[in-house]
Every structure is written in C-alpha cells, then in structure tokens.
Amino acid sequence: MSDLDSTRVAVVGASGYSGAELIRILLGHELAELVCVTSRVESGRKLSEVFPRFRGVEVADKLEFIEPDMGLIIGSGAEVVFLALPHGVAAEYAGPLVDSGLKVIDLSADFRISDPEVYADFYEADHPDPDRLSDAVYGLPEIRPNEIAGSKLVASPGCYPTSVILPLIPILQEGLIDDSSIHVVSMSGTSGAGKKADAALLFAECNESVRPYSVPKHRHLSEIEQELSLAAGNNVTISFTPVLVPVTAGICSIIYATSRDGSRNDDVKGALENKYSEAPFVRLLGESSPPDTKNVTQTNFIDISWSYDKRSDRFILMSAEDNLVKGASGQAIQSFNLMCGFDQTTGLVI
Numbered sequence: 010m011s012d013l014d015s016t017r018v019a020v021v022g023a024s025g026y027s028g029a030e031l032i033r034i035l036l037g038h039e040l041a042e043l044v045c046v047t048s049r050v051e052s053g054r055k056l057s058e059v060f061p062r063f064r065g066v067e068v069a070d071k072l073e074f075i076e077p078d079m080g081l082i083i084g085s086g087a088e089v090v091f092l093a094l095p096h097g098v099a100a101e102y103a104g105p106l107v108d109s110g111l112k113v114i115d116l117s118a119d120f121r122i123s124d125p126e127v128y129a130d131f132y133e134a135d136h137p138d139p140d141r142l143s144d145a146v147y148g149l150p151e152i153r154p155n156e157i158a159g160s161k162l163v164a165s166p167g168c169y170p171t172s173v174i175l176p177l178i179p180i181l182q183e184g185l186i187d188d189s190s191i192h193v194v195s196m197s198g199t200s201g202a203g204k205k206a207d208a209a210l211l212f213a214e215c216n217e218s219v220r221p222y223s224v225p226k227h228r229h230l231s232e233i234e235q236e237l238s239l240a241a242g243n244n245v246t247i248s249f250t251p252v253l254v255p256v257t258a259g260i261c262s263i264i265y266a267t268s269r270d271g272s273r274n275d276d277v278k279g280a281l282e283n284k285y286s287e288a289p290f291v292r293l294l295g296e297s298s299p300p301d302t303k304n305v306t307q308t309n310f311i312d313i314s315w316s317y318d319k320r321s322d323r324f325i326l327m328s329a330e331d332n333l334v335k336g337a338s339g340q341a342i343q344s345f346n347l348m349c350g351f352d353q354t355t356g357l358v359i
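Everything in the sequence shown is counted per my numbering, starting at 10 for the first residue and increasing by one.
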C-alpha cells in the first residue's frame, strides 16, 4: 500500500458507459475515495442498485446518486471531479468547479479543441466557454505528462483520436511519412455511441452488420488533426473512416501513410521505441504482428504494430484499445494519477 493520502473524487454523469467504467476503476483504486456520483435519471438510488455488479462493495452499497447540482457537488468534499457528460453540458460545470478550487477531468469534447471556430465547425454550436480553452491541457499522458500533472483542467481525449494519435505522433515528429498521405479506417464497438436510445444501435440492426458512418467528417477529426499538426509542425489533413462493428467494446485502427526519404520498418520501430519505452500502457507488438481487440478489452493498454508495404511504398500502422478504458475512463484515471502525484499506473494494472 502507498503512504500517500487518498484523494476524494466525484463523477458527474456517472450512469453512462464511461461513467460506469470510471466507477469500476475508482472502486478498486487504493488512493481514490469515491464520495459523489450524480445522475438526473438515477438520483436517489444506490450505486449498487443501478449497477448490480458492484453489489457487496461497501461504498457502492452506501453511496446514492444525487442530482448534478453544483452546490451539492462542491459540498461533497470532492477534490477532483470527473465530468462524464455530453459536449456542451460539461463546460457548464468545468468552469465553476475549477473556480471553486477543484481539479477537473473532462471526458467530453468541450476542452479538447483549442480553436473555438474549429469546435463550432465540427460540433455545430458555439463553444460554451472559449475563454477557458487556454487553461485546458489535452490529456494524453504519454505525450504531455508534465502539463497534465500541473493542470487544474484536463481534456481527456476521445477514443478514436487516442487510437490514431499515439501511433502517428512519433513517426510525424521524426519526419518518416508524407503527412499529406494519411488515411485511417477505425472500427469501433457499439458502446462508443453511448447509452442513448437509438434504433440504429438495436441488436437486430447492429448484429452481423458492418457500417461506416459520419463519413467524411466525424467530429473526432478535429482533435486528431489538431494533435497531428502539432507533431508535424504544419497543418495536417487526413482521411478518416469510422466503422461500427458488432462488438460491445474495442477499437481497431488501421493507418496508411506513404514513406518519406526512404524510411523503413526499422525507422518506425526506432521512433516508437524512443517515444514509448517508458510508457506503461503502450505495448509495441513489432512488425507484422497485428493487434487484437480481444487482448485489450477492460485494460488500459493500447497495442501498436506496423508493417511496410514495398509495393505501394506505404506504412500500415495498426492499433487496438478498449474504447471505454484507454479510449475514455482509464486514460482519465491516468491523468488523475498524474494530477495527484501518484504513479500513473495506480488502479489500472491488472
């Protein structure tokens, strides 16, 4: 056990898929004390009543959902608040909570995109708090650990962006690919669409079906291109095709990019190893060893592999992650650990 004091945490919007994963991880986190969970729909019900899998866990048997009232959240004594809310709503909470002295980790898109005009373009609404954008840190722990550690407001990345950005950043930084040639196909389980009622997500509609959607302008393109442009040092535009597949959780991304200046597999291997040699949740599988979502489900790992196709002079990068863990809640816990001065693996290693 650690000699560090535990940190009191709240989860706002705790009844959705990402919120449930946050609770699962927090209940097993030795340095997190869950003191507040909110949900308009489930207010007044015990945590273990809403999520029966937590029955027998003392905290879950005692803690009740409350209304997402700002005063109640602040009054709960929480020191860190996770916002598992829709975009546009999360920003209404983030500002007042930060101003009250709390640290906030936002799992929505509200603070991921630094340019409010880009946000408005992709999310078809004005940004709800543009003056606070400069205070937020894009929460990829493998890329910005020090900035996350010193931040009061972390914007946790989206599931697709995590699966695309982590394989590409080291390669772009080393100039190994033509950054105008990037094409991505990402396959995601149905939980990525959230818990809302939608006929298109019914079992009979999704089962035995593979369905591209939001082509050619998925909302996550905005943060993918933002982060890839920062890595490349110039504006990067990519083609991105998300595909819904009939599994509950998991993302597999396949990334195609043309080689530059004769770069080959050894160059890609070196760039990835140099970047992620000390990253506890990045597993480099090597050349021509495709990742499998089955091997990352309910873990915070992202598995990455690569191959060079000499016929087309293209690299094929592949990644797999759990969209609800490394693509959402687990990554948010990584940031929480960094913000609190804990080892970033606390509560996350199987």
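Glycine included, C-beta positions come from ideal geometry on N, C-alpha and C.
Because the structure is a prediction, the values reported are computed rather than measured.
> What's the gap between the Cα of S57 and the Cα of D70?
Replying inline: For the purposes of this step, residue 57 is taken as the residue at position 48 of the sequence shown. For the purposes of this step, residue 70 is taken as the residue at position 61 of the sequence shown. Roughly 5 angstroms separates the two Cα atoms.
>> Under DSSP, the beta strand (DSSP E) around V194 begins and ends at which residues?
In response: Here residue 194 is taken as the residue at index 185 of the sequence shown, counted from 1. From DSSP, the beta strand (DSSP E) with V194 extends over 192-197.
> Rounded to whole angstroms, how far is the Cβ of P225 from the Cβ of Y169, which I believe are closer than 8 angstroms?
Replying inline: Here the question's residue 225 lines up with position 216 in the sequence shown. Here the question's residue 169 lines up with position 160 in the sequence shown. P225 to Y169, Cβ: 14 angstroms. No contact.
>> If contacts are defined as beta-carbon pairs under 8 angstroms, then I75 and T47 qualify, I think. What distance do you get, rounded to the angstrom?
In response: Taking the sequence shown and counting its residues from 1, one reaches residue 75 at position 66. Taking the sequence shown and counting its residues from 1, one reaches residue 47 at position 38. Yes, I75 and T47 are in contact; Cβ-Cβ is about 5 angstroms, under 8 angstroms.
>> For I152, report the span of its beta strand (DSSP E) as first-last.
In response: What you label residue 152 is simply residue 143 of the sequence shown in a count that begins at 1. First-last for I152: undefined, no H or E at that position.
> In terms of alpha-carbon separation, which member of R228, V358, A100, F351 lies closest to P154?
Replying inline: By 1-based counting over the sequence shown, the position of residue 154 is 145. P154 has its Cα closest to that of F351, out of R228, V358, A100, F351.
>> Once DSSP output is grouped into helix, strand and coil, what is the label at F427?
In response: With the chain represented from 10 up to 359, any question about residue 427 goes unanswered, as that position is not in the structure.
> Anyone know if the C-beta pair for N332 and S197 falls short of 8 angstroms?
Replying inline: Stepping through the sequence shown from its first residue, residue 332 is reached at position 323. Stepping through the sequence shown from its first residue, residue 197 is reached at position 188. Yes. Within cutoff.
> Just how far apart, CA to CA, sit D318 and I325?
Replying inline: Taking the first residue of the sequence shown as 1, we reach residue 318 at position 309. Taking the first residue of the sequence shown as 1, we reach residue 325 at position 316. Spanning the two alpha carbons is a distance of roughly 7 angstroms.
> So what's G295 in DSSP terms, helix, strand or just coil?
Replying inline: On the sequence shown, position 286 is the one that residue 295 refers to. Looking at G295 - three-state DSSP - the assignment turns out to be strand.
>> Relative to the C-alpha of A19, which candidate in Q353, G167, I342, A288 has its C-alpha closest?
In response: In the sequence shown, counting from the first residue as 1, residue 19 sits at position 10. Selected option, being the one with the closest Cα: I342.
>> Contact between the region 170-179 and the region 142-152 is defined here as three or more beta-carbon pairs at a separation below 8 angstroms; is this criterion met?
In response: yes
> Of all the alpha helix (DSSP H) runs that stay within the bounds of the region 109-160, which reach a length of 4 or more residues?
Replying inline: 125-132, 154-158
> In whole angstroms, what is the alpha-carbon distance linking G339 and E236?
Replying inline: Taking the first residue of the sequence shown as position 1, residue 339 is located at position 330. Taking the first residue of the sequence shown as position 1, residue 236 is located at position 227. One C-alpha to the other measures close to 20 angstroms.
> Could you give the C-beta distance for E330 and I260, rounded to a whole number, given that I count them as a contact under 8 angstroms?
Replying inline: Indexing the sequence shown from 1 puts residue 330 at position 321. Indexing the sequence shown from 1 puts residue 260 at position 251. With 8 angstroms as the limit, E330 and I260 qualify as a contact, their Cβ atoms being about 5 angstroms apart.
> Are the beta-carbon atoms belonging to P77 and V163 less than 8 angstroms from one another?
Replying inline: The residue labelled residue 77 in the question sits at position 68 within the sequence shown. The residue labelled residue 163 in the question sits at position 154 within the sequence shown. Result no, Cβ atoms of P77 and V163 do not sit closer than 8 angstroms.
> In terms of DSSP beta bridges, what is K226 paired with?
Replying inline: Residue 226 sits at position 217 when you count from the first residue of the sequence shown. Beta-bridge pairing links K226 to no other residue.
> Quick one: complete beta strand (DSSP E) runs, 3+ long, within the region 245-325?
Replying inline: 248-253, 260-267, 291-296, 311-318
>> One question on the structure: do A241 and D276 come within less than 8 angstroms of each other, judged by their Cβ atoms?
In response: Position 232 of the sequence shown, counted from the start, is the residue given in the question as residue 241. Position 267 of the sequence shown, counted from the start, is the residue given in the question as residue 276. Cβ distance not < 8 angstroms, so A241 and D276 don't count as in contact.
> In whole angstroms, what is the alpha-carbon distance linking I32 and H38?
Replying inline: Looking up residue 32 in the sequence shown gives position 23. Looking up residue 38 in the sequence shown gives position 29. Rounded to the nearest angstrom, the two C-alpha atoms are 10 angstroms apart.
> Between which two residues does the alpha helix (DSSP H) containing C215 stretch?
Replying inline: The residue you call residue 215 lines up with position 206 of the sequence shown. That run of the alpha helix (DSSP H) goes 212-215.
> Any idea if T246 is buried or exposed, counting beta-carbon neighbours within 10 angstroms, 16 or more meaning buried?
Replying inline: As a first step, residue 246 must be located in the sequence shown, where it is residue number 237. Result: exposed.
> First and last residue of the alpha helix (DSSP H) that includes A341?
Replying inline: On the sequence shown, position 332 is the one that residue 341 refers to. Start and end: 339-348.
>> Quick check: the Cα distance between F212 and S195, rounded to an integer number of angstroms?
In response: Within the sequence shown, the letter at position 203 stands for residue 212. Within the sequence shown, the letter at position 186 stands for residue 195. When rounded, the distance between both Cα atoms is 21 angstroms.
> In terms of alpha-carbon separation, which member of E101, F290, S123 lies closest to I311?
Replying inline: Here residue 311 refers to the residue found at position 302 when the sequence shown is read from its first residue. Looking at the Cα atoms, F290 is the closest of the given residues.
> What first and last residue would you give for the beta strand (DSSP E) that runs through L72?
Replying inline: Mapped onto the sequence shown, residue 72 falls at position 63. Taken as a continuous stretch (DSSP letters only), L72 belongs to no beta strand (DSSP E), as it is neither H nor E.
>> Let me confirm a value: S297 is counted as buried when at least 16 other C-beta atoms fall within 10 Å, else exposed. Which label applies?
In response: Locating residue 297 in the sequence shown gives position 288, counting from the first residue. The residue in question, S297, is exposed, as its Cβ has fewer than 16 Cβ neighbours within 10 Å.
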